[in-house]
Amino acid sequence: MFRHIKETEYHVRVSQPDPRFAVLLLQQFGGPNGELKAGMQYLIQSFACNDPRIRDLMQDIAAEEFSHFEMVGECIALLLGNLSSVPKDYPALSMFVEGGGPMLVDSAGIPWNASYINSNGDLWTDLRSNVAAEMRAKLVYERLLQQTDDPGVRDMIRFLLSREESHATSFSQALNWLPEGTGVMKDFRDSDFSKKYMDLSVGAGNARGPWNQGNDFVYENDPHRQYGSQPQYGPDPDPHGPRETGPGPAMDHTRNNPDWQQPQH
């Protein structure tokens, strides 16, 4: 259940109209890293969450994101100023023409859409998506801070930026609390190929680090010479290791045209 309280979570103050910045702020109203995306993502994730504690976390933060969506919308409306008559070079003509309030678009005028939402029904996956979403939102707010000198607007943005940090921390702690070996982590890196690093760079500058050495990594040069071949019809090769997928009846001779012959070169 939602209940609307006729006060914003944090005060929204604008010193004077700034339609140019109002357009920029649309990025956090209807953009892919904005407040509506976050609120919708966490709420939708919560419906598929069977852990009541993490479900509560998702719904708490979703409700706050909708409150931030309200704050950003109110701020945009104030920044637009008096719209009874505007000059032809008014920086926010689209919002003027559409009725004087924020449109559900980003700063480039691209409409909000549901493809922004990441919800996979796996807590390891969804919580990582949420940490990344909060960090992206923080980054956008940091860039927006560079584009306004209005003290009230800057104060609101700093508040929102700080809340992104809080949410990212909460989601990170929830990740640390998940039982190992569950969800997508139950068989993570249990095969030979999941421990290989494929070096596909040519030329100077190949870098080594913990992302491709140590940590059970096997560094493969020219992997196509060991594992690759020309595409062709026929049974799949034997597995490369004891935990790799081997050939099966669903994978043999089932392509669109089994009579097709491999071109000879």
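Its first residue numbered 997, the sequence shown is counted upward by one per residue in the working numbering.
Note that CB positions come from ideal geometry on N, CA and C, so glycine has one too.
Residue i lies in the beta strand (DSSP E); which residues open and close that run?
i	result
D1122	Element bounds for D1122: not the beta strand (DSSP E) but the alpha helix (DSSP H), 1119-1141.
Which one or two residues does DSSP pair with residue i in a beta bridge?
i	result
D1195	N1217
P1107	V1101
Can you check whether the CB of residue j is closer than 8 Å to the CB of residue i?
i	j	result
L1075	A1133	no
N1029	V1136	yes
M1194	E1216	yes
V1068	E1031	yes
P1098	A1073	yes
C1071	L1119	no
A1104	P1015	no
L1022	V1101	yes
Please determine, among the options, the residue with the shortest C-alpha to C-alpha distance to residue i.
i	options	result
E1138	E1160, L1123, D1118, R1124	E1160
Q1012	V1149, G1117, N1046, L1022	V1149
W1173	I1050, K1084, M1091	I1050
M1181	K1033, V1101, L1079, T1121	T1121
E1003	S1111, S1063, S1190, G1224	S1063
E1130	H1236, Q1037, D1232, N1109	Q1037
Assuming residue i is part of the alpha helix (DSSP H), what are its boundary residues?
i	result
W1173	1147-1173
F1043	1031-1043
For the ligand SAM, is there any heavy atom lying closer than 7 Å to the beta carbon of residue i?
i	result
S1090	Among the components modelled here there is no ligand, and therefore nothing to report on the ligand SAM.
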